Amino acid sequence: MGANVDLIFKIATIGILISVLNQVLIRSGREEQAMFTTLTGVVVVLMMVIKEIKVLFDTVKIMFNLY
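Reminder that position 9 of the sequence shown reads as 116 in our numbering, one-by-one numbering, no gaps.
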């Protein structure tokens with residue numbers, strides 16, 4: 108259960124950092140870099156979630172002996 112809470116905190120931290128960086132870049136007139144920063148943050152979070160989904164599917168396969 109501790110790993111799930113850690114994942115939530117990691118995602119929240121990434122979200123906060125990306126949103127602050129996004130605002131700084133937009134206010135300095137770098138909208139394109141702000142968009143790429145946001146996109147990079149989304150990709151990083153998706154990669155983290157995909158790893159957890161893979162673990163979930165592996166666990167379901169083991170539970171039901173689906174090889």
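We put the CB at the ideal spot given by N, CA and C, even for glycine. Since the structure is predicted, the reported quantities are computational estimates derived from the model, not experimental observations.
When you compare each of PHE171, ASP113, VAL112 and THR120 to VAL149 by their alpha carbons, which one comes out closest?
Indexing the sequence shown from 1 puts residue 149 at position 42. Closest option to VAL149, Cα to Cα, is THR120.
Buried versus exposed, by CB contacts within 10 Å (16 or more), ILE125:
What you label residue 125 is simply residue 18 of the sequence shown in a count that begins at 1. Answer is buried; the Cβ neighbour count reaches 16.
Of the residues THR166, MET170, VAL152 and ILE169, which one's Cα is nearest the Cα of LEU114?
Along the sequence shown, read from residue 1 onward, the residue named residue 114 stands at position 7. Minimum Cα distance to LEU114 is reached at VAL152.
Rank LEU132, GLY136, THR147 and ARG134 by C-alpha distance to the C-alpha of ILE118 and give the top, closest one.
Taking the first residue of the sequence shown as 1, we reach residue 118 at position 11. Shortest Cα-Cα distance from ILE118 to any of LEU132, GLY136, THR147 and ARG134 involves THR147.
Count the other C-beta atoms from every protein chain shown that fall within 10 angstroms of the C-beta of THR166, then say buried if there are 16 or more, exposed otherwise.
Within the sequence shown, numbered from 1, the residue matching residue 166 stands at position 59. When all chains shown are included, THR166 counts as exposed.
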